[in-house]
Structure formats: structure tokens, C-alpha cells
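A.B. asks: In full-length UniProt numbering, the protein residues as written are 1 to 389. Glycine residues also receive a C-beta, built at the ideal position from the N, C-alpha and C atoms. Got a structure for you, questions after.
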């Protein structure tokens with residue numbers, strides 16, 4: 001038996017040696033001959049791009065097809081695809097001008113064919129389509145910018161305004177690839193202000209700027225020290241060290257938190273006293289830092305308000321102020337986080353309250369769904385903003 005094992009070991013070593021020798025004895029040979037160029041070229045123009053189809057040459061050592069083109073800024077870009085592809089896409093055009101693209105067939109020895117020159121005429125680029133659909137409106141403490149990004153491109157929407165020195169500079173940059181959305185720019189004074197908004201893509205192309213004069217609505221941050229738990233019979237039972245007052249203690253870390261218990265089911269809610277009567281503009285909640293966009297953090301919620309909540313815990317005398325669904329910026333699967341996800345989590349999830357909502361003193365935070373479709377609700381901190389005047 002030992003003899004058979006020894007023979008098998010020697011045989012495996014011999015095969016390994018032969019394989020290594022073959023790899024060493026068969027390097028890529030540069031024959032010094034360039035392949036023939038591609039042929040039968042056709043173009044389909046796309047938004048900010050163009051798809052180029054072709055027939056590849058029959059050279060045995062063909063390796064890839066390369067497209068070379070120059071932007072309006074003079075930057076040279078290349079796109080390479082395998083010899084098995086019958087088309088390639090050139091991307092990143094910021095306008096609808098005509099561009100010349102050089103196509104090359106390249107072999108294993110990096111010998112390139114003569115160039116086949118084709119002209120592409122990209123359609124309106126996505127950043128301009130988004131720019132043309134921007135809508136700006138006043139909001140509490142700032143403005144809202146609504147957009148449509150039908151192509152789902154990775155874009156940055158930049159908001160400009162005057163700084164303390166009177167310089168017209170970026171004050172907010174919103175990164176997105178969702179097809180439709182709205183984002184706020186906050187913490188601004190309730191006075192007429194000039195804003196500029198433009199769109200930038202990942203190639204550095206920039207749209208023209210939309211200018212708007214807007215007067216933000218007044219808002220102020222409510223004093224958290226005046227907020228108190230309001231425990232009603234139908235509210236979710238707490239568990240796992242959860243404490244409702246932890247939501248108003250000013251600690252955004254994972255040390256103290258709200259956490260519902262085993263008896264809680266979805267939907268579930270808790271109630272609290274703002275300590276003042278106010279026309280709310282927004283509530284902002286902060287997720288557990290170890291579980292961003294995951295586990296028991298709220299995902300879909302309703303916010304209810306009242307000035308005279310019934311002692312039986314029913315929804316009599318409560319009015320629905322708004323509904324809200326949290327969206328993960330990157331769209332990545334659960335457990336995966338981009339830098340944009342982390343930045344958004346640190347900033348907090350703001351729930352906008354419509355300007356038509358009535359003044360209220362008591363709030364009921366109702367969770368319809370968490371991030372893992374479980375039965376617990378758990379997060380760190382809650383802040384409130386509004387008009388006390």
C-alpha cells in the first residue's frame with residue numbers, strides 16, 4: 001500500500017513539473033505582423049454614448065478590439081473588448097457633437113491593425129436630461145431638489161449658494177443613481193436666497209447651472225431635553241436593554257438605544273411628548289452604528305401627531321402626518337456598504353413633514369417594516385425640527 005502511495009506521489013510531481021515546463025516553453029510569440037482591421041462597421045447612437053458593431057478579422061492570434069477617442073477637453077480615452085465581442089460601447093460624452101473614434105484590432109504580440117475611423121453622434125447625455133428636469137421648491141430650513149434620472153446613471157447634483165464671504169460656492173452635493181428622487185439642503189436662513197444647481201457625471205462632464213431665488217421656511221431644532229416618553233397601553237413592549245428616553249439623550253453611539261422586546265409584532269409603535277406644541281418640519285432618526293441599513297433599524301414608518309392622545313392607546317385623536325420609506329443610497333445587498341451609505345447613515349435619516357401638517361405636541365412613531373422584515377425595532381437617537389412661533 002505504501003508503495004502505491006509513493007508511486008502516485010511521484011506521478012503527481014512529474015505532472016506538475018511537465019505543466020510548469022510547458023508554461024515556460026510556450027511564451028507568447030510576437031510574429032511582428034499586425035492583424036487585418038475590423039470591417040462592416042455600424043453605429044447606434046445612445047445617450048452620452050454610442051454602440052459600435054463590427055466584424056472581426058480572421059487572424060488566429062487576434063486578442064482584442066480597441067476604440068480610441070478624444071474628448072472636447074483633449075483627454076484620450078480607450079475602450080477594449082475581447083476578440084469574441086462583436087460590438088463595443090464608447091461612453092462619457094458630455095454633449096451631442098460629432099466625435100471620431102478609431103478602431104483597432106490587436107493581436108497577442110500587441111501588434112495593432114491600421115485604424116478604421118468612424119464618426120459617432122451621441123444623443124443628449126444623461127446629466128443634461130436630469131438637469132432639464134430639475135425642480136426646486138422651498139422647504140423648512142432650506143430647499144428641496146426633485147429630479148428624474150431615467151437612465152439610472154451615477155451622477156452628482158451640486159447645490160450652490162453664497163457663503164459668509166459672499167462667494168457662490170457648493171453647499172451640498174448629492175450622489176445618486178436612482179431613477180427618481182428628491183433631496184433636501186438644510187440649515188439655511190428663512191430669507192430670500194439665490195441658489196444654483198448643476199449636474200456632474202463620473203467623467204467630469206458638467207451641465208449648465210439652474211438659478212433660482214427661493215425663500216426657505218423658518219425652522220428650529222426642538223429642545224431634546226423637553227422630550228419625554230409617553231407610555232400608552234398599545235405601545236410596543238421594550239426589551240434587550242432598550243429605553244425610550246435613550247432616543248432623546250443626545251448620545252448617537254450604540255451605548256444607549258431604543259429596542260422593542262419579544263412580544264412586539266409588526267406594525268408596532270411608541271409614543272412621546274415633544275414638550276412643546278410645534279408645526280413639525282422633520283424628524284431625524286439615527287440607526288445603530290453596527291447595523292447600518294440592516295437588522296432592526298426602521299425602514300418603512302408612519303408618523304402620527306396628536307394634541308390629546310387617548311389614555312387607551314387607540315388612534316382616536318391622532319392624525320397621520322406623513323409616511324416614509326428609507327432608501328439605501330448604493331442599492332447594495334444587505335451587509336454591504338458603500339461610502340455613500342456610511343455618509344448617509346452618519347447624517348441621519350430625515351423624515352420630512354408636509355408644510356400643511358397641523359401643530360402637535362405628541363408624536364407616535366409607527367414602524368411598518370424593518371430592514372430584515374423581523375419583529376424588532378432598534379435605533380439610537382431621534383431629533384425633531386419645526387416652527388414654534
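Kindly indicate which three-state DSSP category residue 130 falls into: helix, strand or coil?
C.D. replies: In the three-state reduction of the DSSP assignment, residue 130 falls in the helix class.
A.B. asks: State the Cα-Cα distance for the pair residue 371 and residue 327, rounded to the nearest angstrom.
C.D. replies: 10 Å
A.B. asks: So, at 6 Å on beta carbons, what are the nonlocal neighbours of residue 234 in its own chain, with the 5 sequence-adjacent residues on each side left out?
C.D. replies: 313
A.B. asks: Would the segment 105-116 count as touching the segment 138-156 if we require 3 or more Cβ pairs under 8 Å?
C.D. replies: no
A.B. asks: Is the CB-CB distance between residue 245 and residue 376 below 8 Å?
C.D. replies: no
A.B. asks: Identify, in the order they occur along the chain, each residue of the same chain with its Cβ nearer than 7 Å to the Cβ of residue 241, setting aside the five sequence neighbours on each side.
C.D. replies: 259
A.B. asks: Return yes when the Cβ of residue 378 is within less than 8 Å of the Cβ of residue 256, no when it is not.
C.D. replies: It is not a contact, given that the beta carbons lie outside the stated cut-off.
A.B. asks: Out of curiosity, what's the CA-to-CA distance linking residue 112 and residue 134?
C.D. replies: 45 Å
A.B. asks: At 3 residues or longer, and completely inside the UniProt domain "DUF5000" (248-386): list those beta strand (DSSP E) runs for me, N to C.
C.D. replies: 268-286, 298-306, 319-325, 349-352, 360-370
A.B. asks: Which residues does DSSP list as the beta-bridge partners of residue 213?
C.D. replies: 194
A.B. asks: If distances are taken between C-alpha atoms only, which option among 62, 222, 236, 195 comes closest to residue 216?
C.D. replies: 195
A.B. asks: Cutting at 8 Å between CB atoms, please list the residues of its own chain near residue 342, excluding the five before and the five after it.
C.D. replies: 292
A.B. asks: With DSSP run on the structure shown, which of helix, strand or coil describes residue 115?
C.D. replies: coil
A.B. asks: For residue 226, which of 374, 206, 144, 247 has the nearest alpha-carbon?
C.D. replies: 247
A.B. asks: Going straight from the alpha carbon of residue 123 to that of residue 94, what length do you get?
C.D. replies: 10 Å
A.B. asks: Where does residue 98 sit, in a helix, a strand or coil, going by DSSP?
C.D. replies: coil
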